[in-house]
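A.B. asks:
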RNA sequence: GCCGUCAUCGUCUAGCGGUUUAGGACAUCGCCCUCUCAAGGCGGAGAUCACGGGUUCAAAUCCCGUUGGCGGCGCCA
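In structure tokens:
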């Protein structure tokens with residue numbers, strides 16, 4: 001058995017998309033599962049849209065996700081390098097193979113103008129035929145070619161696609177898929193400027209780089225017969241093909257910007273963990289027999305297999321991703337969450353915001369709020385009141401707990417007396433505080449809630465928050481009393 | 001228009017001819033736990049398995065057709 005070699009071959013024309021990550025992930029998992037190689041190749045032959053910054057963003061995203069490659073940019077293997085197609089073009093890689101096809105007469109120069117080709121397609125479509133190039137330049141004589149070239153016309157190179165019979169793709173996910181050769185046209189394999197087109201460059205590189213499996217989105221399935229013909233024209237062995245179903249947005253259309261975040265780095269900014277993204281994406285188009293939902297990366301590597309990939313398109317569900325993110329956060333220790341949070345700040349503009357925060361208090365606060373955290377971003381609003389110079393009182397909380405007819409009298413007593421008593425409490429531990437509050441309620445013959453709630457709002461400004469007594473313990477006696485007094489002045493004078 | 005492809009709860013899916021009154025997860029609803037909010041536990045609701053024909057003793061599962069969605073049809077990848 002040949003060692004498995006797979007690749008992820010993005011074109012750097014934008015951010016790394018959720019769908020792209022899924023493709024990369026499946027290839028990476030398959031490589032890990034099979035103890036094979038995972039290669040990153042940059043398909044930058046679209047000179048108009050490809051940018052260096054996109055390349056960098058893609059690489060950064062891959063690194064962040066931990067989808068590291070065995071070969072590719074920064075990890076070149078002399079045998080296969082370079083891994084950028086435009087660099088390969090400069091090395092004459094594609095020209096060599098175009099020339100080979102030209103001499104074999106399985107490719108030819110075409111001088112038809114873009115407009116002329118467009119006309120042909122329109123005409124064909126009007127006649128209810130598939131729009132294709134009509135082969136005008138298929139049989140130009142040497143003289144005709146010479147003449148055109150002397151006129152300064154730059155030809156494109158077209159592949160002579162067989163026009164009879166069928167070609168059968170044995171897809172690992174979809175089974176046999178038949179294509180009528182007649183429906184395929186003589187597609188361009190090299191543009192007039194000498195740059196190869198995708199369908200050609202892809203085949204040449206996959207073959208030279210000795211890819212054993214091509215695992216990609218099924219938006220490429222119609223390209224596959226064309227690519228197979230090129231393999232055949234060279235006499236190269238075909239790799240195995242596997243086309244995964246696409247990821248759609250909530251309206252059933254292909255996932256795009258209008259469905260919210262699509263760039264994976266945006267999810268980083270939003271406070272998602274890479275484990276959650278990877279786990280979620282693995283579930284989109286792949287499953288285990290027992291429908292397991294939560295996987296560690298190790299489990300994913302162990303269990304992933306192409307034959308358990310589904311063939312129907314999946315809708316991206318942000319709610320499930322969010323749930324999974326919470327699960328992943330809960331599976332980490334509070335200290336790990338703290339470290340992830342600190343690290344996360346680098347990717348946001350919140351670093352200044354927490355500059356004055358006492359990091360030890362932060363750590364303790366995260367312990368208290370741990371299982372409430374769904375994204376790292378949540379931490380900000382979950383614990384910010386610990387660090388506020390001035391408590392930001394929530395209007396409805398104040399109304400309900402301090403000012404309503406039902407609670408104002410008891411709230412005033414609780415706060416007034418607690419301000420004094422808590423100052424003198426010798427033991428300010430959560431346990432002692434709870435005992436204090438319960439004893440106080442008993443003493444005044446009021447419900448415990450009538451003690452707990454005012455205290456909570458007084459120190460935090462809100463009705464929701466961490467366990468009250470643990471929260472007070474973190475504040476300590478001085479800060480607690482200070483906040484209670486402030487609340488008293490503000491709302492009970 | 002042509003070609004391809006897909007079709008099970010709102011969503012992701014299990015299911016690969018009988019063990020299915022179709023299982024799990026998210027979301028949703030209720031109860032419990034509880035100092036609030038969560039988390040957790042328990043439970044409910046939710047799918048005539050797109051539709052119509054076959055094949056078979058037996059079909060969500062196999063075949064054909066219809067419909068619908070998606071994808072491709074570039075000197076984009």
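Residue numbers (the working numbering): 1 to 493. Every residue gets a Cβ at the ideal spot worked out from N, C-alpha and C, and that includes glycine.
1. How would you label residue 214, buried or exposed, when you count the other beta carbons within 10 angstroms and need 16 or more for buried?
2. Please report the residue range of the alpha helix (DSSP H) in which residue 339 lies.
3. Give the range of the beta strand (DSSP E) segment to which residue 40 is assigned.
4. So, using beta-carbon positions, are residue 169 and residue 228 closer together than 9 angstroms?
5. What three-state label does DSSP hand residue 180 in the structure shown?
6. Kindly give me the distance between the Cβ atoms of residue 432 and residue 425, rounded to whole angstroms, as I take these residues to be in contact under 8 angstroms.
7. Rounded to whole angstroms, what's the CA-CA distance from residue 450 to residue 290? Just pull it up for me.
8. Cβ atoms of residue 5 and residue 212: under 9 angstroms apart, would you say?
9. Less than 9 angstroms separating the beta-carbons of residue 285 and residue 310?
10. Is there contact between the region 181–188 and the region 77–97, where contact requires at least three CB pairs shorter than 8 angstroms?
11. For residue 84, which three-state DSSP category applies?
12. For the alpha helix (DSSP H) holding residue 452, just list the boundary residues, first then last.
13. Answer yes or no: do residue 377 and residue 275 have a C-beta to C-beta separation smaller than 9 angstroms?
14. Is residue 381 near the ligand FAD - that is, is its Cβ less than 8 angstroms away from at least one heavy atom of it?
15. Please tell me whether residue 131 and residue 122 are closer than 9 angstroms, where the distance is taken between their beta carbons.
16. What number of angstroms, rounded off, separates the C-alpha of residue 410 from the C-alpha of residue 351?
17. Would you call the region 351–364 in contact with the region 315–325, where contact means no fewer than 3 C-beta pairs closer than 8 angstroms?
18. Give me whichever residues DSSP pairs with residue 263 in a beta bridge.
19. Given that a residue counts as buried once 16 or more other Cβ atoms are within 10 Å of its Cβ, and exposed if not, what is residue 209?
20. From 143, 164, 179, pick the residue whose C-alpha is nearest to that of residue 171; which is it?
21. Give me whichever residues DSSP pairs with residue 244 in a beta bridge.
22. Short check: CB of residue 481 to CB of residue 277, under 9 angstroms?
23. Under three-state DSSP, which class holds residue 286?
24. According to DSSP, is residue 393 part of a helix, a strand, or is it coil?
C.D. replies: By the coordinates alone:
1. As a working note, residue 214 is residue 214 in the first chain. Counting Cβ neighbours within 10 Å, residue 214 comes out buried, since at least 16 surround it.
2. On the first chain, residue 339 is found 339 positions in, with the first residue counted as 1. The continuous alpha helix (DSSP H) containing residue 339 extends over residues 334–345.
3. As a working mapping, residue 40 is identified with position 40 in the first chain. Taken as a continuous stretch (DSSP letters only), the beta strand (DSSP E) holding residue 40 covers 37–40.
4. Position 169 of the first chain holds residue 169. Position 228 of the first chain holds residue 228. Cβ distance < 9 angstroms, so residue 169 and residue 228 count as in contact.
5. On the first chain, position 180 is the one that residue 180 refers to. For residue 180, the three-state secondary structure derived from DSSP is strand.
6. For this step, residue 432 is matched to residue 432 along the first chain. For this step, residue 425 is matched to residue 425 along the first chain. Indeed they touch by this definition, with Cβ atoms about 7 angstroms apart.
7. Locating residue 450 in the first chain gives position 450, where the first residue counts as 1. Locating residue 290 in the first chain gives position 290, where the first residue counts as 1. If I take the Cα positions, the gap works out to 49 angstroms.
8. The residue given as residue 212 occupies position 212 in the first chain. The residue given as residue 5 occupies position 5 in the first chain. The answer is yes: Cβ separation under 9 angstroms.
9. Translated into positions along the first chain, residue 285 becomes position 285. Translated into positions along the first chain, residue 310 becomes position 310. Result yes, Cβ atoms of residue 285 and residue 310 sit closer than 9 angstroms.
10. No, they do not touch.
11. For the purposes of this step, residue 84 is taken as the residue at position 84 of the first chain. DSSP places residue 84 in strand when its eight states are reduced to three.
12. For this step, residue 452 is matched to residue 452 along the first chain. Annotation: the continuous alpha helix (DSSP H) that includes residue 452 extends over 448–460.
13. As a working note, residue 377 is residue 377 in the first chain. As a working note, residue 275 is residue 275 in the first chain. Result no, Cβ atoms of residue 377 and residue 275 do not sit closer than 9 angstroms.
14. Ligands in the displayed structure: none, and consequently the ligand FAD is not present.
15. For this step, residue 131 is matched to residue 131 along the first chain. For this step, residue 122 is matched to residue 122 along the first chain. Residue 131 places its beta carbon less than 9 angstroms from that of residue 122.
16. As a working mapping, residue 410 is identified with position 410 in the first chain. As a working mapping, residue 351 is identified with position 351 in the first chain. If I take the Cα positions, the gap works out to 41 angstroms.
17. The region 351–364 vs the region 315–325: no contact.
18. Residue 263 sits at position 263 when you count from the first residue of the first chain. Note: residue 263 sits in a beta bridge opposite 17.
19. Reading the first chain from its first residue, position 209 is the one you call residue 209. Buried.
20. On the first chain, residue 171 is found 171 positions in, with the first residue counted as 1. Comparing alpha carbon positions, the residue from 143, 164, 179 closest to residue 171 is 179.
21. Looking up residue 244 in the first chain gives position 244. Per DSSP, the beta-bridge partners of residue 244 are 217.
22. Translated into the one-based positions of the first chain, residue 481 becomes position 481. Translated into the one-based positions of the first chain, residue 277 becomes position 277. Contact annotation: residue 481 and residue 277 have beta-carbon atoms that are not nearer than 9 angstroms.
23. As a position in the first chain, residue 286 is number 286, starting the count at 1. DSSP places residue 286 in strand when its eight states are reduced to three.
24. Along the first chain, read from residue 1 onward, the residue named residue 393 stands at position 393. Note: residue 393 maps to coil in three-state DSSP.
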